[in-house]
Amino acid sequence: MISDATRSAVAELMKHFPEKRGALLPALHLIQRELGHVATETAVEVAELFELHPVQVLEVVRFYNLIYDAPQAQHHVTVCTNLSCSLRGARRLLRQLEAHLGVVAGTATPDGRIHLGHEECLGACAGAPMMRVDERYHEDLDVETAKSILDALE
Amino acid sequence: MRNAPFVTNYLSEHLADDAYATLDGYQRADGYAAARKAVRELSPDEVIEQIELSGLTGRGGAGFSTGRKWSFMPRDERPALLVCNADESEPGSFKDRLLLERAPHKILEGILIAAWATRAQKTFVYVRGEYAAAAAAVERAVAEAYEGGLLGDDIMGSGFRHEIVVVRGAGAYICGEETGLLESLEGKKGQPRKKPPYPAERGAFGLPTTVNNVETFAHVPHIIANGVAWFRSFGTEQSPGTTLFGVSGQVLRPGLFELPLGTRLDEIVFEHAGGVPEGRKVKGVIPGGVSMPILPAGQLDVRMANEFLHERHTRLGTGGVIVMDDTTCMVRVASVISYFFRDESCGQCTQCREGTGFINKLVDRIERGAGEERDIGILLDVAGSMEGQTICAFSDAAAWPIQALLRHFRSDFEAHLGTETCPFPASFES
């Protein structure tokens with residue numbers, strides 16, 4: 000259930016747009032912050048708030064990579080593997096982190112602590128190789144530094 | 000004048016100063032003087048005229064005249080909107096992120112001047128979802144600007160009112176395409192729209208809308224403060240001003256370099272970014288983000304402005320320069336690039352949805368050694384069929400790099416036919 004506090008924050012967001020549907024993506028960010036992901040039942044609640052058909056909310060949830068429709072690991076770690084980073088060893092780094100965590104990229108550790116993935120350019124090309132841990136960027140990485148950043152996560 | 004003519008880094012000169020991201024720090028460096036001048040001394044049409052005469056072109060990739068874009072805004076009773084496209088996601092580009100994080104007030108000042116010129120009442124700053132620090136910096140700056148009377152109902156006592164709303168994207172490359180962004184702003188999937196109607200006629204929420212890139216806004220206060228002649232003293236006749244070249248890949252000093260448009264590519268790669276590691280040579284350079292066709296080492300004498308890059312069948316794009324040295328396997332480069340386009344195609348148009356997947360599979364087949372001679376021809380055929388056939392330019396942007404890699408490095412592809420071992424053993428890992 001979306002809390003009353005979040006509901007009133009969403010109502011506040013709607014005021015900033017010429018049509019309230021414009022607040023959908025900002026609202027999904029807020030709701031995800033509260034609930035961790037946007038489940039189908041949540042999407043139905045959101046649809047009511049926005050006077051939309053649930054499909055109109057679900058298709059948005061599924062279109063955007065950063066809105067999740069299922070429960071997530073505690074931490075999201077993504078290594079950028081686009082060209083600039085790959086040229087500076089990003090794919091080797093990703094393989095080493097896979098081995099370190101014992102997971103294949105695109106999956107989470109069995110304890111649900113870390114989801115390891117790759118990303119298509121995070122806009123930190125001069126700091127390659129780099130990774131994003133939750134909302135933070137870590138640039139100019141070597142494998143030891145990257146491992147210790149992951150080990151320090153709760 | 001705050002910038003003497005010899006200052007060639009007007010966009011980036013304060014980026015190292017933490018205080019520049021704050022209202023105090025920005026104002027200490029004469030920040031908001033240009034916006035004050037615009038709203039107090041210039042009519043909206045005079046501002047548009049100045050920007051058009053300055054020759055400023057959009058820095059987001061398309062390179063269209065900013066002043067002309069502003070002049071397309073209709074004068075009807077509908078409220079006008081402005082959008083700052085901060086959805087930077089062209090691989091190899093990172094200039095907008097640094098501007099947003101380090102100089103958010105400069106962007107806001109550019110927005111204010113553009114809003115005055117286009118009579119817009121509201122601006123949406125659409126920040127890429129992954130750019131958390133940049134979004135936070137802009138949100139802080141917007142709050143400071145409201146407190147300081149630089150946004151709101153009576154800006155600088157002029158009676159002009161303007162509101163800025165920061166919106167965070169959620170991870171979709173295609174939302175950097177301006178009509179995809181408008182769809183996303185409306186709370187929909189970010190699938191690009193057919194044009195016409197253009198955003199000036201029907202943009203976000205059916206309202207007249209101007210969309211400009213972050214760096215484009217950053218140039219505006221400097222032009223208003225220092226004048227057209229000053230701006231035109233940088234760059235070339237057709238491409239005036241400086242730009243932020245982001246250099247990445249196999250160079251000794253990757254980074255952001257503000258240089259006049261028209262600077263030679265070899266100067267950027269060797270003098271500014273330090274060239275490739277000792278004992279290696281440059282093999283190829285992508286001049287403006289992975290969508291732009293690659294140039295081989297023999298063509299680095301080109302000047303970095305669209306009028307010169309056109310002659311070499313490429314474009315300036317976002318100015319994201321990616322350097323590859325002679326260890327690099329260009330089939331692997333094609334694999335990385337084609338995977339990206341396959342992953343990010345929004346799926347709306349058949350040529351793009353099917354073509355991007357087909358190209359990626361074929362390139363990977365060639366890389367694995369399972370390719371045949373005729374596959375190279377098929378790659379070119381498929382790429383050709385993706386150009387000019389779709390709603391937006393994404394499909395063209397997916398075709399161009401493959402065509403250029405085959406134009407300049409066909410022998411790398413041929414060397415991969417029928418062999419599992421990469422002919423470039425020292426190339427970056429797959």
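Top line first, the protein sequences correspond to chains A and B.
Residue 0 is where the first sequence starts when you use numbering that gives the first Met the number 0, and the numbers rise one by one after that.
Residue 0 is where the second sequence starts when you use numbering that gives the first Met the number 0, and the numbers rise one by one after that.
Where is the CB? At the ideal position from N, CA and C, for every residue including glycine.
Here the structure is a predicted model, which means the values were calculated and not measured.
(1) Determine the chain A residues that contact Lys187 of chain B at a beta-carbon separation under 7 Å, and present them in chain order.
(2) Using the C-alpha atoms, what's the distance from Ser183 of chain B back to Ser337 of chain B?
(3) Since Ile66 of chain A meets chain B, which of its residues come closer than 7 Å, beta carbon to beta carbon?
(4) Out of A:Thr39, A:Ile66, A:Glu47, state which residue places its alpha-carbon closest to the alpha-carbon of Arg32 of chain A.
(5) May I have the straight-line CA-CA distance separating Lys19 of chain A from Ala26 of chain A, to the nearest angstrom?
(6) Classify Val103 of chain A as buried or exposed, calling it buried when 16 or more other Cβ atoms lie within 10 Å of its own Cβ.
(7) Tell me which residue opens and which closes the beta strand (DSSP E) that Cys83 of chain B is part of.
(8) Report yes or no: is there a C-beta of chain B within less than 9 Å of the C-beta of Thr144 of chain A?
(9) How about Asn81 of chain A and Gly91 of chain B: do their beta carbons lie closer than 9 Å?
(10) For Gln249 of chain B, go through chain A and note every residue whose CB falls closer than 9 Å to its CB, in chain order.
(11) Kindly indicate which three-state DSSP category Asn211 of chain B falls into: helix, strand or coil?
(12) According to a CB-to-CB cut-off of less than 8 Å, which residues of the stretch 9 to 34 of chain A neighbour chain B?
(13) Can you tell me where the beta strand (DSSP E) with Arg331 of chain B in it begins and where it stops?
(14) Would Gly126 of chain A count as contacting chain B if we go by Cβ distances under 9 Å?
(15) In the structure shown, what three-state DSSP assignment does Cys79 of chain A receive?
(16) Using 9 Å as the limit for Cβ to Cβ distance, is Leu184 of chain B near chain C?
(17) Let me know the alpha helix (DSSP H) ranges lying completely inside the stretch 27 to 94 of chain A, each 4 residues or longer, listed in chain order.
(18) Only counting the same chain, and skipping five residues up and downstream in sequence, which positions put a Cβ closer than 6 Å to that of Thr178 of chain B?
(19) Just to confirm, does Leu255 of chain B get its C-beta within under 8 Å of one of the non-hydrogen atoms of the ligand FMN?
(20) Gly116 of chain A CB to nearest chain B CB: under 9 Å?
(21) Name the chain B residues that come within less than 9 Å of Glu119 of chain A, Cβ to Cβ?
(22) Taking 9 Å as the CB-CB cut-off, is Asp325 of chain B touching chain A?
(23) Is His13 of chain B helix, strand or coil by DSSP?
(24) First and last residue of the alpha helix (DSSP H) that includes Met130 of chain A?
(25) List the endpoints of the continuous beta strand (DSSP E) containing His137 of chain A.
(26) Excluding sequence positions up to five away, which residues of its chain have a Cβ less than 6 Å from the Cβ of Glu153 of chain A?
(27) Indicate whether the contact test is met: 3 or more Cβ pairs, each with one atom in the stretch 222 to 241 of chain B and one in the stretch 45 to 65 of chain B, closer than 8 Å.
(28) Is Ile163 of chain B closer than 9 Å to Val124 of chain B when the C-beta atoms are compared?
(29) Evaluate contact between the stretch 256 to 269 of chain B and the stretch 292 to 304 of chain B, counting only Cβ atoms and requiring at least three cross-stretch pairs below 8 Å.
(30) Residues in the same chain with beta-carbon distance under 8 Å from Gly273 of chain B, minus the five sequence neighbours each way, listed in chain order, please.
Well, looking at it:
(1) The answer, in chain order, is Val59.
(2) One alpha carbon belongs to Ser337 of chain B, the other to Ser183 of chain B, and they sit about 25 Å apart.
(3) In chain order, Ala169 make up the part of chain B whose C-beta sits under 7 Å from the C-beta of Ile66 of chain A.
(4) If you compare the alpha carbons of A:Thr39, A:Ile66, A:Glu47 with that of Arg32 of chain A, the shortest gap goes to A:Ile66.
(5) Rounded to whole angstroms, Lys19 of chain A to Ala26 of chain A spans 10 Å at the Cα level.
(6) Residue burial is scored here from C-beta neighbours: Val103 of chain A has fewer than 16 other C-beta atoms within 10 angstroms and is therefore classed as exposed.
(7) The continuous beta strand (DSSP E) containing Cys83 of chain B extends over residues 79 to 85.
(8) By this cut-off, Thr144 of chain A is not an interface position.
(9) Yes. Within cutoff.
(10) Listed along the chain, the chain A residues whose CB falls inside 9 Å of the CB of Gln249 of chain B are Leu86, Arg87.
(11) Shown here, Asn211 of chain B sits in a strand according to DSSP, grouped into three states.
(12) Against chain B - using a Cβ distance shorter than 8 Å - the residues of the stretch 9 to 34 of chain A are His15, Phe16, Pro17, Glu18, Arg20, Gly21, Ala22, Leu23, Leu24, Pro25, Leu27, His28.
(13) Run containing Arg331 of chain B: none in the beta strand (DSSP E); it sits in the alpha helix (DSSP H), 329 to 343.
(14) At least one chain B Cβ lies under 9 Å of Gly126 of chain A.
(15) Reduced to three states, the DSSP call for Cys79 of chain A is strand.
(16) Among the protein chains in the structure shown, which are A and B, there is no chain C.
(17) Counting whole runs of 4 or more residues, the stretch 27 to 94 of chain A contains the alpha helix (DSSP H) stretches 39 to 49, 53 to 62, 82 to 85.
(18) The residues Pro191, Arg192, in chain order, have a CB closer than 6 Å to that of Thr178 of chain B in the same chain once the five nearest residues on each side in sequence are set aside.
(19) As presented, the structure is devoid of all ligands, the ligand FMN included, so that no description of it is given.
(20) Output row for Gly116 of chain A: interface = no.
(21) In chain order: Ser88, Pro90, Tyr172, Tyr338, Phe339, Asp342, Glu343.
(22) It does not: the Cβ of Asp325 of chain B has no partner Cβ on chain A nearer than 9 Å.
(23) Note: His13 of chain B maps to coil in three-state DSSP.
(24) Here Met130 of chain A belongs to no alpha helix (DSSP H); instead the beta strand (DSSP E) covers 130 to 132.
(25) Element bounds for His137 of chain A: 135 to 137.
(26) Cβ neighbours of Glu153 of chain A beyond the five flanking positions: none.
(27) Of all C-beta pairs linking the stretch 222 to 241 of chain B to the stretch 45 to 65 of chain B, three or more are shorter than 8 Å, placing the two stretches in contact.
(28) Less than 9 Å separates the beta-carbon of Val124 of chain B from that of Ile163 of chain B.
(29) Using a C-beta cut-off of 8 Å, the stretch 256 to 269 of chain B makes contact with the stretch 292 to 304 of chain B, since at least three inter-stretch Cβ pairs fall below that distance.
(30) Within the same chain, Gly273 of chain B has close Cβ partners Val250, Leu251, Arg252.
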